[in-house]
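Working notes, beginning with the structure itself.
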Amino acid sequence: MTVRRLRTALAGVSLLLLPPLAGCGVLPGGADGSRAPVTVMTWAPSGTEATNRPGMPAMAKAYARYVNAAGGIDGHKLRVLTCNERNDPAHAADCARRAVKAKVVAVVGSYSQHGREFMAPLEAASIPYLGGYGIAPEEFTSFMSYPVNGGQATLLAGNGQQQARDCAGTALVRPDTTTGDDFADLLDSGLATARRARAADIRAPESATAYAGAAEQARARAGDGGCVTAVLGDRTETFFDSYRRVPADGRSIRVSSVLGSVGQSLIDSTGGKSGPFEGAYLTGWYPPAGDSVWQPMRDVIEKYAFGDDDIDPADPGAQTTWIAYTALSAVIESLRTDKITAGTLTNALDHGAEVDTGGLTPPLRWRYEDMQGTPGFPRIVNGDVTFQVVRKGRLVAQRKGFVNVAGILGRPSQ
8 MTVRRLRTAL AGVSLLLLPP LAGCGVLPGG ADGSRAPVTV MTWAPSGTEA TNRPGMPAMA
68 KAYARYVNAA GGIDGHKLRV LTCNERNDPA HAADCARRAV KAKVVAVVGS YSQHGREFMA
128 PLEAASIPYL GGYGIAPEEF TSFMSYPVNG GQATLLAGNG QQQARDCAGT ALVRPDTTTG
188 DDFADLLDSG LATARRARAA DIRAPESATA YAGAAEQARA RAGDGGCVTA VLGDRTETFF
248 DSYRRVPADG RSIRVSSVLG SVGQSLIDST GGKSGPFEGA YLTGWYPPAG DSVWQPMRDV
308 IEKYAFGDDD IDPADPGAQT TWIAYTALSA VIESLRTDKI TAGTLTNALD HGAEVDTGGL
368 TPPLRWRYED MQGTPGFPRI VNGDVTFQVV RKGRLVAQRK GFVNVAGILG RPSQ
């Protein structure tokens with residue numbers, strides 16, 4: 008027992024006129040006076056025919072091993088439950104109900120497109136959703152959501168702005184899903200910053216095994232000096248495999264995408280500097296994976312992931328989970344209490360707990376005045392993105408620092 012905690016306990020006893028402590032006394036939490044464990048959940052799809060994010064639960068488990076090896080978060084052992092939401096609304100709801108039944112204090116660093124299904128059980132139980140991937144609209148509207156990035160919306164708007172200077176025309180290949188229906192308008196809001204025409208909106212099946220037709224259509228509609236952008240999650244690789252098989256016609260067309268649909272591992276596997284992504288424009292939320300600000304995460308993966316191949320330190324899913332757990336730790340440490348509940352965590356988030364992510368994002372807070380007032384996305388507190396480009400087979404910064412695109416979301420297109 009620390010001197011500070013002993014003084015706190017004794018002060019509480021004297022104020023309440025309770026009998027003196029026997030022996031060294033017992034503080035709230037564990038029977039031996041230790042602080043109560045903190046239980047959270049992380050979910051993501053795995054083993055599906057669409058987008059998979061197994062690195063997110065794996066990163067959560069590695070983070071728990073890391074903090075528990077050092078005595079926990081402010082003395083609280085971290086317990087991480089995981090759930091496979093299978094890219095399915097029923098399974099997403101099941102994961103949320105499991106979280107409620109387990110009495111988790113938060114769902115942290117998770118991925119699901121099915122916000123309507125998972126958010127309702129969390130809202131009913133007053134469980135915060137901290138640091139979701141940013142793919143579901145409800146992550147930026149629900150009063151129980153505390154995002155660490157601006158979601159898919161800022162990536163698409165940023166990608167449009169990144170292309171606007173150099174691309175005469177743009178063709179967007181996106182999933183033929185409810186979530187994908189918003190992609191074109193978001194990309195157009197970025198293109199409008201340079202008064203570019205709207206992108207050609209090309210719908211494609213999310214789980215197709217080939218995209219020859221979409222690839223031909225995209226190339227034709229982008230035009231000479233244009234850009235082809237594909238945002239299909241894990242199927243982006245399949246699309247660009249089809250795209251590179253389209254016969255060359257002498258036109259110069261740049262390819263583009265967002266981090267999460269294209270990453271360093273895909274660039275490497277398709278030929279690096281000799282592959283189709285050389286010169287590609289990519290928009291991300293965070294600094295390039297090779298930046299030194301990621302070294303603490305890489306150290307944890309090396310020491311505590313036990314060779315888990317699911318974790319790619321360059322994957323924005325794993326990166327988002329790392330940032331989300333960094334935020335969780337900072338908030339818990341700020342509370343200095345023996346028991347953490349969903350209510351105490353939510354209260355701290357709502358009333359100014361600040362998180363320093365070491366340069367991975369701007370400082371994060373979720374008070375009402377920290378919300379950036381973005382139409383349709385009122386919960387965004389971080390509207391920053393990074394512009395990256397593939398040079399000599401490596402993803403590097405196209406320009407230094409962050410670009411804030413919160414102000415262009417919802418801006419009318421030309």
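The number in this note's numbering is simply the position in the sequence shown, starting from 1, with 7 added.
Beta carbons are placed, not taken as given, at the ideal position from N, Cα and C, and that holds for glycine.
Item, Value
"Mapping DSSP to helix, strand and coil, what is alanine 97?", "helix"
"Would you report the Cα separation of threonine 49 and asparagine 389, rounded to the nearest angstrom?", "21 Å"
"Less than 8 Å separating the beta-carbons of asparagine 94 and alanine 57?", "yes"
"Taking the straight line between their C-alpha atoms, what separation do you get for serine 272 and aspartate 241?", "12 Å"
"Examine the Cβ distances between the region 361–370 and the region 280–294 and report whether three or more of them are shorter than 8 Å.", "yes"
"Does the distance from the C-beta atom of isoleucine 387 to that of proline 212 stay below 8 Å?", "no"
"Alpha carbon to alpha carbon, how far is aspartate 391 from asparagine 411? Give it in angstroms, no decimals.", "4 Å"
"With methionine 304 as the anchor, note down where its alpha helix (DSSP H) starts and where it stops.", "302–311"
"In whole angstroms, give me the CA-to-CA distance for threonine 55 and histidine 121.", "15 Å"
"Output needed for glutamine 111: all residues of its chain with C-beta closer than 7 Å, excluding positions within five of it in sequence on either side, in chain order.", "Correcting the residue type first, residue 111 is valine in the shown sequence and not glutamine. For valine 111, where only same-chain residues beyond five positions count, the Cβ hits under 7 Å are Thr46, Val47, Met48, Leu88 and Ile134."
"According to the neighbour-count rule (16 or more other Cβ atoms, all chains shown, within 10 Å of its Cβ), is valine 338 buried or exposed?", "buried"
"Report the option in Tyr250, Arg401 and Gly380 whose CA atom is closest to the CA atom of alanine 221.", "Tyr250"
"Please report the distance separating the alpha-carbon of glutamine 405 from that of arginine 205.", "24 Å"
"Taking the straight line between their C-alpha atoms, what separation do you get for isoleucine 6 and aspartate 173?", "The shown model of the chain, from 8 to 421, leaves out residue 6, and the question about it has no answer."
"Ordered along the chain, which non-local residues of its own chain (more than five positions away) have a Cβ less than 7 Å from that of threonine 184?", "Glu213"
"By a C-beta neighbour count over all protein chains shown, 10 Å radius and 16 as the cutoff for buried, is alanine 413 buried or exposed?", "buried"
"What does a CB cutoff of less than 8 Å around leucine 194 pick up in its chain, not counting 5 residues either side in sequence?", "Leu163, Ala164, Asn166, Gly167, Thr177, Leu179, Ala206 and Thr236"
"Is aspartate 319 buried or exposed, if buried means 16 or more other CB atoms sit within 10 Å of its CB?", "buried"
"Pull up the DSSP beta-bridge partners for glutamine 395, would you.", "Leu289 and Ala404"
"Compute the Euclidean distance between the alpha carbons of threonine 216 and threonine 245, then round it to the nearest angstrom.", "7 Å"
"Jot down the residue ranges of each uninterrupted alpha helix (DSSP H) in the region 195–264, minimum 4 residues, whole runs only, in chain order.", "219–229 and 243–250"
"Would you grab the beta carbon distance between glycine 62 and glycine 324 for me? Rounded to a whole angstrom, and I think it's under 8 Å.", "5 Å"
"Opposite cysteine 423 in the DSSP bridges: which residues?", "Outside the modelled stretch of the chain, which goes from 8 to 421, sits residue 423, for which no answer is possible."
"Enumerate in chain order the residues of its own chain whose CB-to-CB distance from proline 385 is below 8 Å, with the five nearest sequence positions on each side excluded.", "Phe147, Thr148 and Met378"
"Could you tell me if serine 299 is buried or exposed, where buried requires 16 or more neighbouring beta carbons within 10 angstroms of its beta carbon?", "exposed"
"Around the Cβ of glutamate 145, are there at least 16 other Cβ atoms within 10 angstroms (buried) or fewer (exposed)?", "buried"
"Hey, out of Ala106, Gln169 and Ala71, whose CA is closest to arginine 202's CA?", "Gln169"
"Terminal residues of the continuous alpha helix (DSSP H) containing alanine 296?", "Here alanine 296 belongs to no alpha helix (DSSP H), and DSSP marks it neither H nor E."
"Could you work out which residue in Val396, Arg401 and Leu416 is closest to lysine 407 when comparing CA atoms only?", "Val396"
"Identify every residue that forms a DSSP beta bridge with leucine 137.", "Val115 and Tyr153"
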